[in-house]
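K.L.:
With the UniProt record's numbering applied, the sequence shown corresponds to residues 1 to 234, in that order.
Glycine included, each C-beta is placed from N, C-alpha and C at the ideal position.
This is the structure I have questions about; it appears just below.
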Amino acid sequence: MLKLRDVNAYYGYVHALKGISIDVEEGKIVSLLGANGAGKTSTLKVISRLVSVESGIIEFQERNIKNYSPEQIVSMGIVQVPEGRQVFPQLTVKENLMIGTFTRKDKDNIPNTLDKVYTYFPRLKEREKQIAGTLSGGEQQMLAIGRALMAKPKLLLLDEPSLGLAPLIVKDIFEIIKEINKEGTTILLVEQNAFQALQISDYAYILETGKIVHQGRANQLISDQNVKKAYLGA
Numbered sequence: 001m002l003k004l005r006d007v008n009a010y011y012g013y014v015h016a017l018k019g020i021s022i023d024v025e026e027g028k029i030v031s032l033l034g035a036n037g038a039g040k041t042s043t044l045k046v047i048s049r050l051v052s053v054e055s056g057i058i059e060f061q062e063r064n065i066k067n068y069s070p071e072q073i074v075s076m077g078i079v080q081v082p083e084g085r086q087v088f089p090q091l092t093v094k095e096n097l098m099i100g101t102f103t104r105k106d107k108d109n110i111p112n113t114l115d116k117v118y119t120y121f122p123r124l125k126e127r128e129k130q131i132a133g134t135l136s137g138g139e140q141q142m143l144a145i146g147r148a149l150m151a152k153p154k155l156l157l158l159d160e161p162s163l164g165l166a167p168l169i170v171k172d173i174f175e176i177i178k179e180i181n182k183e184g185t186t187i188l189l190v191e192q193n194a195f196q197a198l199q200i201s202d203y204a205y206i207l208e209t210g211k212i213v214h215q216g217r218a219n220q221l222i223s224d225q226n227v228k229k230a231y232l233g234a
């Protein structure tokens, strides 16, 4: 579904991505793991076209999207949930969700999607008239994911969905991510909580300073002694 080949990207003079190559198969959950500054978020921003590609190839469903605009990327079905949630704090829960539909052409189906989001996140239904800025951190994360789902993504990019959340909320969020995937949405997950991410992923890449240093099936990486020692706290 998605292919990156020898992608290089810069922030000014900083070489953020150094020739990375990634494959995301349709219907799978793929994780990007690594410490802060490893290049995980930069990879998502390159895919979303929020950061320019210096060189390399980015293909989505066999189309070269390297020079597409962010709006075109969303219209194609690639939708990102940003780190830190970034909900619109002065708008209601429902207004935030409806913002996710701005590229939709099938307006008649939007109510069905809204019902589906409320099925995943019943708390959002209970709070649909509440101002988003008054929600808890976990509820804002649910809202950010729900807003992305309103765009009917083919590929959902999740950037640190567990960041700053209590362990019980993290468990709920990861269960919902699995459910979203089972319903047919492909997921590329950036996550510092490597153990949690590997538990729900099919495949994973581990980045260090803009380079891929390990990759493999998640069930193999989670039992690899070197990976466990370096990234899983074992």
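What are the partner residues of residue 239, as DSSP defines its beta bridges?
P.N.:
The structure shown does not extend to residue 239, since the chain is modelled only from 1 to 234, so the question has no answer here.
K.L.:
Could you name each continuous alpha helix (DSSP H) segment of 4 residues or more that falls completely within the segment 204 to 229, going from the start of the chain to the end?
P.N.:
Complete alpha helix (DSSP H) runs here, min 4: 218 to 221.
K.L.:
Less than 8 Å between the C-beta atoms of GLY34 and ILE173, yes or no?
P.N.:
No, the pair does not count as a contact, with Cβ atoms beyond the cut-off.
K.L.:
Compare the Cα-Cα distances from HIS231 to each of SER223, VAL7 and ALA194 and report the closest residue.
P.N.:
Per the sequence presented here, residue 231 reads as Tyr, with His not at that position. Out of SER223, VAL7 and ALA194, ALA194 has the C-alpha closest to the C-alpha of TYR231.
K.L.:
Counting only the same chain and skipping the five closest in sequence on each side, list residues whose C-beta sits under 8 Å from that of THR103.
P.N.:
Closer than 8 Å at Cβ, skipping near neighbours: GLU71, VAL74, SER75 and ALA151.
K.L.:
Between the Cα of ARG147 and those of LEU198, VAL53, LEU91 and LEU163, spot the shortest distance and give me the residue it belongs to.
P.N.:
If we check each option's Cα against that of ARG147, LEU91 comes out closest.
K.L.:
Assuming THR41 contacts VAL170 (C-beta within less than 8 Å), just tell me the rounded distance between them.
P.N.:
Not quite, the Cβ-Cβ distance comes to about 19 Å (not below 8 Å), so this is no contact.
K.L.:
Does DSSP put THR185 in a helix, a strand or coil?
P.N.:
Coil at THR185, not helix or strand.
K.L.:
Could you tell me how far apart the beta carbons of residue 243 and VAL53 are, in whole angstroms, since I believe they sit closer than 8 Å?
P.N.:
The question about residue 243 has no answer here: the residues shown for the chain are numbered 1 through 234.
K.L.:
State the DSSP-derived secondary structure class of GLY56, mapped to helix, strand or coil.
P.N.:
GLY56: strand per DSSP, three-state reduction.
K.L.:
Whole angstroms is fine: what's the gap from HIS214's alpha carbon to SER136's?
P.N.:
Looking at the two C-alpha atoms, the distance is approximately 36 Å.
K.L.:
Should THR119 be labelled buried (16 or more other beta-carbon atoms within 10 Å of its own) or exposed?
P.N.:
When all chains shown are included, THR119 counts as exposed.
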